[in-house]
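One structure below.
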Amino acid sequence: MTGRLAALGRAELVLLVRNRYALSTALLMPVLMVGALWSSFDRIDLGGSGMSALGATLSGGIGMVLLFVVHVNLVSAYVARREELVLKRLRTGEASDREILTGTALPAAVLALGQCALLVAGGVVLLDVPAPRRPELLVGGVLTGIVLLVAMAAATAALTRTVESAQLTTMPLLLVSSIGSGLFVPLEVFPGTVASVAELLPLTGVMTLVRAGWLDGGNPGEPAGAVAVSLAWVMVSVFAVRRWFRWEPRR
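The opening position of the sequence shown corresponds to residue 29 in my numbering, with each subsequent residue numbered one higher.
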(Lines of atoms letter the chains of each structure in order from A and count residues from 1; the text may use other names and numbers.)
(Lines give C-alpha, C1' and ligand atoms only; values in the text may rest on other atoms or scores of the structure.)
Protein backbone atom coordinates (compact mmCIF):
# COMPACT_ATOMS: atom_id res chain seq x y z
CA MET A 1 0.00 0.00 0.00
CA THR A 2 2.75 2.46 0.95
CA GLY A 3 4.58 1.79 -2.31
CA ARG A 4 1.44 2.39 -4.37
CA LEU A 5 0.70 5.62 -2.55
CA ALA A 6 4.27 6.83 -3.06
CA ALA A 7 4.12 6.00 -6.78
CA LEU A 8 0.80 7.79 -7.20
CA GLY A 9 2.12 10.77 -5.26
CA ARG A 10 5.27 11.01 -7.39
CA ALA A 11 3.23 10.86 -10.59
CA GLU A 12 0.88 13.59 -9.34
CA LEU A 13 3.83 15.75 -8.28
CA VAL A 14 5.26 15.57 -11.81
CA LEU A 15 1.91 16.65 -13.24
CA LEU A 16 1.64 19.49 -10.73
CA VAL A 17 5.11 20.82 -11.57
CA ARG A 18 4.31 20.71 -15.29
CA ASN A 19 1.05 22.64 -14.79
CA ARG A 20 2.27 26.20 -14.33
CA TYR A 21 -1.17 27.59 -13.52
CA ALA A 22 -1.82 25.04 -10.78
CA LEU A 23 1.71 25.45 -9.39
CA SER A 24 1.47 29.24 -9.30
CA THR A 25 -1.94 29.02 -7.61
CA ALA A 26 -0.51 26.71 -4.97
CA LEU A 27 2.66 28.74 -4.34
CA LEU A 28 1.76 32.38 -4.97
CA MET A 29 -1.94 32.78 -4.20
CA PRO A 30 -1.58 32.12 -0.44
CA VAL A 31 1.15 34.78 -0.27
CA LEU A 32 -1.08 37.33 -2.00
CA MET A 33 -3.99 36.45 0.26
CA VAL A 34 -1.87 36.95 3.38
CA GLY A 35 -1.30 40.51 2.14
CA ALA A 36 -5.04 40.93 1.72
CA LEU A 37 -5.59 39.58 5.23
CA TRP A 38 -3.12 42.08 6.68
CA SER A 39 -4.95 44.91 4.93
CA SER A 40 -8.33 43.77 6.28
CA PHE A 41 -7.15 43.24 9.87
CA ASP A 42 -5.45 46.63 9.84
CA ARG A 43 -8.93 48.23 9.55
CA ILE A 44 -10.77 46.02 12.08
CA ASP A 45 -10.90 46.58 15.81
CA LEU A 46 -9.54 43.32 17.24
CA GLY A 47 -9.75 44.44 20.84
CA GLY A 48 -12.49 41.98 21.68
CA SER A 49 -10.68 39.03 20.13
CA GLY A 50 -7.48 39.17 22.17
CA MET A 51 -5.40 38.88 18.99
CA SER A 52 -2.96 41.26 17.36
CA ALA A 53 -3.41 42.14 13.69
CA LEU A 54 -0.18 40.31 12.86
CA GLY A 55 -1.16 37.15 14.75
CA ALA A 56 -4.61 37.14 13.16
CA THR A 57 -3.05 37.64 9.72
CA LEU A 58 -0.59 34.76 10.02
CA SER A 59 -3.10 32.33 11.49
CA GLY A 60 -5.61 33.31 8.82
CA GLY A 61 -2.85 32.73 6.28
CA ILE A 62 -2.78 29.07 7.34
CA GLY A 63 -6.45 28.85 6.42
CA MET A 64 -5.72 30.41 3.04
CA VAL A 65 -2.92 27.91 2.41
CA LEU A 66 -5.27 25.04 3.15
CA LEU A 67 -8.01 26.43 0.91
CA PHE A 68 -5.86 27.22 -2.12
CA VAL A 69 -3.15 24.57 -1.95
CA VAL A 70 -5.43 21.70 -0.96
CA HIS A 71 -9.01 22.42 -1.96
CA VAL A 72 -8.71 24.58 -5.09
CA ASN A 73 -5.73 22.66 -6.44
CA LEU A 74 -7.23 19.23 -5.79
CA VAL A 75 -10.64 19.92 -7.32
CA SER A 76 -8.89 20.77 -10.58
CA ALA A 77 -6.60 17.75 -10.25
CA TYR A 78 -9.40 15.26 -9.63
CA VAL A 79 -11.48 16.64 -12.51
CA ALA A 80 -8.51 16.68 -14.89
CA ARG A 81 -7.52 13.08 -14.06
CA ARG A 82 -11.15 11.98 -14.49
CA GLU A 83 -11.57 13.69 -17.86
CA GLU A 84 -8.24 12.28 -19.07
CA LEU A 85 -9.41 8.77 -18.07
CA VAL A 86 -6.50 8.47 -15.63
CA LEU A 87 -8.75 7.58 -12.70
CA LYS A 88 -10.59 4.97 -14.76
CA ARG A 89 -7.33 3.30 -15.78
CA LEU A 90 -5.98 3.36 -12.23
CA ARG A 91 -9.05 1.50 -11.00
CA THR A 92 -8.14 -1.45 -13.24
CA GLY A 93 -4.91 -1.96 -11.27
CA GLU A 94 -4.18 -3.00 -7.71
CA ALA A 95 -4.80 0.38 -6.08
CA SER A 96 -8.07 0.78 -4.19
CA ASP A 97 -10.33 3.79 -4.64
CA ARG A 98 -9.11 5.23 -1.36
CA GLU A 99 -5.47 4.83 -2.40
CA ILE A 100 -6.10 6.53 -5.74
CA LEU A 101 -7.76 9.56 -4.14
CA THR A 102 -5.16 9.74 -1.35
CA GLY A 103 -2.19 9.33 -3.69
CA THR A 104 -3.49 12.12 -5.91
CA ALA A 105 -3.78 14.37 -2.86
CA LEU A 106 -0.30 13.66 -1.41
CA PRO A 107 1.69 16.42 -3.18
CA ALA A 108 -0.88 19.07 -2.26
CA ALA A 109 -0.97 17.86 1.35
CA VAL A 110 2.83 17.90 1.68
CA LEU A 111 3.06 21.32 0.03
CA ALA A 112 0.40 22.71 2.38
CA LEU A 113 2.22 21.31 5.42
CA GLY A 114 5.46 22.91 4.26
CA GLN A 115 3.86 26.31 3.69
CA CYS A 116 2.10 26.24 7.05
CA ALA A 117 5.39 25.37 8.75
CA LEU A 118 7.07 28.29 6.97
CA LEU A 119 4.32 30.67 8.09
CA VAL A 120 4.73 29.63 11.71
CA ALA A 121 8.53 29.67 11.61
CA GLY A 122 8.63 32.99 9.78
CA GLY A 123 6.17 34.56 12.20
CA VAL A 124 8.11 33.39 15.26
CA VAL A 125 11.67 34.03 14.01
CA LEU A 126 11.27 37.09 11.78
CA LEU A 127 8.16 38.88 13.06
CA ASP A 128 8.39 38.20 16.82
CA VAL A 129 5.02 36.47 16.99
CA PRO A 130 4.88 34.28 20.14
CA ALA A 131 5.71 30.61 19.61
CA PRO A 132 2.71 28.25 19.56
CA ARG A 133 1.40 27.86 23.09
CA ARG A 134 -0.24 24.52 22.39
CA PRO A 135 1.52 23.06 19.36
CA GLU A 136 -0.54 19.86 19.51
CA LEU A 137 -3.70 21.88 18.80
CA LEU A 138 -2.00 23.78 15.98
CA VAL A 139 -0.69 20.62 14.31
CA GLY A 140 -4.00 18.86 14.88
CA GLY A 141 -5.87 21.77 13.29
CA VAL A 142 -3.66 21.77 10.20
CA LEU A 143 -3.87 17.99 9.76
CA THR A 144 -7.63 18.02 10.31
CA GLY A 145 -7.93 20.81 7.76
CA ILE A 146 -5.98 18.83 5.19
CA VAL A 147 -8.13 15.73 5.66
CA LEU A 148 -11.33 17.79 5.54
CA LEU A 149 -10.40 19.76 2.44
CA VAL A 150 -9.17 16.67 0.57
CA ALA A 151 -12.54 15.05 1.21
CA MET A 152 -14.40 18.24 0.25
CA ALA A 153 -12.30 18.58 -2.89
CA ALA A 154 -13.28 15.08 -4.01
CA ALA A 155 -16.94 15.84 -3.24
CA THR A 156 -16.75 19.13 -5.15
CA ALA A 157 -15.10 17.39 -8.10
CA ALA A 158 -18.21 15.21 -8.38
CA LEU A 159 -20.19 18.38 -9.16
CA THR A 160 -17.57 19.84 -11.53
CA ARG A 161 -17.86 19.04 -15.24
CA THR A 162 -14.62 20.57 -16.52
CA VAL A 163 -11.33 21.87 -15.18
CA GLU A 164 -12.36 25.38 -16.22
CA SER A 165 -15.60 25.21 -14.23
CA ALA A 166 -13.61 24.27 -11.11
CA GLN A 167 -12.98 27.99 -10.66
CA LEU A 168 -16.72 28.39 -10.09
CA THR A 169 -17.43 25.28 -8.01
CA THR A 170 -14.62 26.06 -5.56
CA MET A 171 -15.80 29.64 -5.06
CA PRO A 172 -18.62 29.01 -2.53
CA LEU A 173 -16.33 27.40 0.04
CA LEU A 174 -13.71 30.12 -0.50
CA LEU A 175 -16.22 32.91 0.05
CA VAL A 176 -18.03 31.29 2.98
CA SER A 177 -14.78 30.42 4.73
CA SER A 178 -13.16 33.80 4.10
CA ILE A 179 -16.13 35.69 5.52
CA GLY A 180 -17.55 33.37 8.15
CA SER A 181 -14.79 31.05 9.37
CA GLY A 182 -12.51 33.64 10.88
CA LEU A 183 -9.95 34.05 8.10
CA PHE A 184 -10.61 37.70 7.28
CA VAL A 185 -12.77 38.58 10.29
CA PRO A 186 -12.35 36.83 13.67
CA LEU A 187 -15.61 35.39 14.98
CA GLU A 188 -15.22 37.38 18.20
CA VAL A 189 -16.13 40.61 16.39
CA PHE A 190 -19.43 39.17 15.09
CA PRO A 191 -22.76 39.55 16.93
CA GLY A 192 -23.63 36.52 19.08
CA THR A 193 -26.20 34.95 16.75
CA VAL A 194 -24.05 35.37 13.65
CA ALA A 195 -21.02 33.95 15.45
CA SER A 196 -23.02 30.91 16.59
CA VAL A 197 -24.02 30.14 12.99
CA ALA A 198 -20.48 30.77 11.73
CA GLU A 199 -19.12 28.24 14.23
CA LEU A 200 -20.85 25.48 12.24
CA LEU A 201 -19.20 26.29 8.91
CA PRO A 202 -16.76 23.70 7.45
CA LEU A 203 -13.47 25.49 8.11
CA THR A 204 -14.40 27.22 11.36
CA GLY A 205 -13.38 24.29 13.55
CA VAL A 206 -9.99 24.09 11.86
CA MET A 207 -9.35 27.81 12.35
CA THR A 208 -10.45 27.56 15.99
CA LEU A 209 -7.87 24.83 16.59
CA VAL A 210 -5.14 26.73 14.72
CA ARG A 211 -5.67 29.96 16.66
CA ALA A 212 -6.15 28.17 19.98
CA GLY A 213 -2.89 26.30 19.44
CA TRP A 214 -0.84 29.22 18.23
CA LEU A 215 -2.17 32.36 19.87
CA ASP A 216 -4.10 31.93 23.10
CA GLY A 217 -4.97 28.34 23.94
CA GLY A 218 -8.71 29.09 23.73
CA ASN A 219 -11.42 28.33 26.26
CA PRO A 220 -11.39 24.76 27.67
CA GLY A 221 -14.44 23.66 25.66
CA GLU A 222 -13.48 25.26 22.34
CA PRO A 223 -11.04 22.62 21.00
CA ALA A 224 -13.45 19.75 21.68
CA GLY A 225 -16.31 21.58 19.95
CA ALA A 226 -14.06 22.49 17.02
CA VAL A 227 -12.97 18.87 16.58
CA ALA A 228 -16.59 17.70 16.68
CA VAL A 229 -17.68 20.17 13.99
CA SER A 230 -14.70 19.33 11.78
CA LEU A 231 -15.21 15.57 12.07
CA ALA A 232 -18.90 15.99 11.26
CA TRP A 233 -18.00 17.79 8.03
CA VAL A 234 -15.40 15.11 7.22
CA MET A 235 -18.04 12.41 7.56
CA VAL A 236 -20.51 14.34 5.41
CA SER A 237 -17.85 14.86 2.74
CA VAL A 238 -16.77 11.21 2.77
CA PHE A 239 -20.40 10.13 2.39
CA ALA A 240 -20.79 12.51 -0.58
CA VAL A 241 -17.64 11.11 -2.21
CA ARG A 242 -18.80 7.51 -1.82
CA ARG A 243 -22.26 8.37 -3.13
CA TRP A 244 -21.55 10.74 -6.02
CA PHE A 245 -17.88 10.75 -7.00
CA ARG A 246 -17.40 9.95 -10.70
CA TRP A 247 -14.43 7.95 -11.96
CA GLU A 248 -14.91 8.62 -15.68
CA PRO A 249 -16.09 11.59 -17.79
CA ARG A 250 -19.72 12.60 -17.75
CA ARG A 251 -21.72 11.86 -20.88
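Using N, Cα and C, we set each Cβ at its ideal position, and we do this for glycine too.
(message) Residues in the same chain with beta-carbon distance under 7 angstroms from Tyr106, minus the five sequence neighbours each way, listed in chain order, please.
(response) For the purposes of this step, residue 106 is taken as residue 78 along the sequence shown, with counting starting at 1. Excluding positions up to five away in sequence, the list reads Thr132, Ala181, Ala182 and Ala185.
(message) With H, G and I counted as helix, E and B as strand and the rest as coil, what does DSSP make of Gly210?
(response) Against the sequence shown, residue 210 aligns to sequence position 182. Coil at Gly210, not helix or strand.
(message) Helix, strand or coil, according to DSSP, for Gly88 in the structure here?
(response) Reading the sequence shown from its first residue, position 60 is the one you call residue 88. Gly88 falls in the helix class under three-state DSSP.
(message) Let me make sure I understand the geometry here. Which of Leu176, Ala35 and Arg126 has the alpha-carbon closest to that of Met235?
(response) To locate residue 235, count along the sequence shown from 1; it is residue 207. The shortest Cα separation from Met235 among Leu176, Ala35 and Arg126 belongs to Leu176.
(request) In the DSSP assignment, find the alpha helix (DSSP H) that holds Thr184 and state where it starts and stops. (result) Taking the first residue of the sequence shown as position 1, residue 184 is located at position 156. In the DSSP assignment, Thr184 falls within the alpha helix (DSSP H) that extends over Pro163 to Ala186.
(request) Measure the C-alpha to C-alpha separation of Leu228 and Val257 and round it to an integer number of angstroms. (result) Locating residue 228 in the sequence shown gives position 200, where the first residue counts as 1. Locating residue 257 in the sequence shown gives position 229, where the first residue counts as 1. Going by the C-alpha atoms only, they are around 6 angstroms apart.
(request) Report the three-state DSSP secondary structure of Arg274 (helix, strand or coil). (result) Here residue 274 refers to the residue found at position 246 when the sequence shown is read from its first residue. Here Arg274 sits in coil by DSSP.
(message) Measuring straight from C-alpha to C-alpha, what distance separates Leu243 and Val157?
(response) Here residue 243 corresponds to residue number 215 of the sequence shown, with the count starting at 1. Here residue 157 corresponds to residue number 129 of the sequence shown, with the count starting at 1. So the alpha carbons of these two residues sit roughly 9 angstroms apart.
(request) Pull up the distance between the alpha-carbon of Ser224 and that of Glu250, whole angstroms please. (result) Position 196 of the sequence shown holds residue 224. Position 222 of the sequence shown holds residue 250. Ser224 and Glu250: Cα-Cα distance of roughly 12 angstroms.
(message) Quick check on the DSSP output: the alpha helix (DSSP H) that includes Gly121 runs from which residue to which?
(response) For the purposes of this step, residue 121 is taken as residue 93 along the sequence shown, with counting starting at 1. Counting along the chain, Gly121 falls outside any alpha helix (DSSP H), and DSSP gives it neither H nor E.
(request) Output the boundary residues of the alpha helix (DSSP H) element that contains Thr22. (result) Absent from the structure is residue 22, since the part of the chain shown begins at 29 and ends at 279.
(request) Can you tell me the Cβ-Cβ gap for Ser265 and Gly91, rounded? I've got them flagged as a contact below 8 angstroms. (result) In the sequence shown, the residue the question calls residue 265 occupies position 237. In the sequence shown, the residue the question calls residue 91 occupies position 63. Not quite, the Cβ-Cβ distance comes to about 17 angstroms (not below 8 angstroms), so this is no contact.
(request) Quick one: using the 10 Å Cβ neighbour count with 16 as the cut-off for buried, is Arg270 buried or exposed? (result) The residue labelled residue 270 in the question sits at position 242 within the sequence shown. By the neighbour-count rule (16 or more Cβ atoms within 10 Å), Arg270 is not buried but exposed.
(message) If you reduce the DSSP assignment to three classes, tell me which class Leu94 lands in.
(response) The residue given as residue 94 occupies position 66 in the sequence shown. Leu94: helix per DSSP, three-state reduction.
(request) Please confirm if the stretch 120-135 is in contact with the stretch 36-44, defined as three or more CB-CB distances below 8 angstroms between the two stretches. (result) The answer is yes - the stretch 36-44 touches the stretch 120-135, with three or more Cβ pairs under 8 angstroms.
(message) Please state the DSSP three-state secondary structure of Asp156.
(response) Against the sequence shown, residue 156 aligns to sequence position 128. If DSSP states are grouped into helix, strand and coil, Asp156 belongs with coil.
(request) Take the Cβ of Ala179 as the centre, count every other Cβ of all protein chains shown within 10 Å, and call the residue buried at 16 or more, exposed below. (result) Looking up residue 179 in the sequence shown gives position 151. Result: buried.
(request) Use the C-beta contact count for Leu94: other C-beta atoms within 10 angstroms, 16 or more gives buried, fewer gives exposed. (result) Here residue 94 is taken as the residue at index 66 of the sequence shown, counted from 1. The Cβ neighbour count for Leu94, taken over all protein chains shown within 10 Å, is at least 16; the residue is labelled buried.
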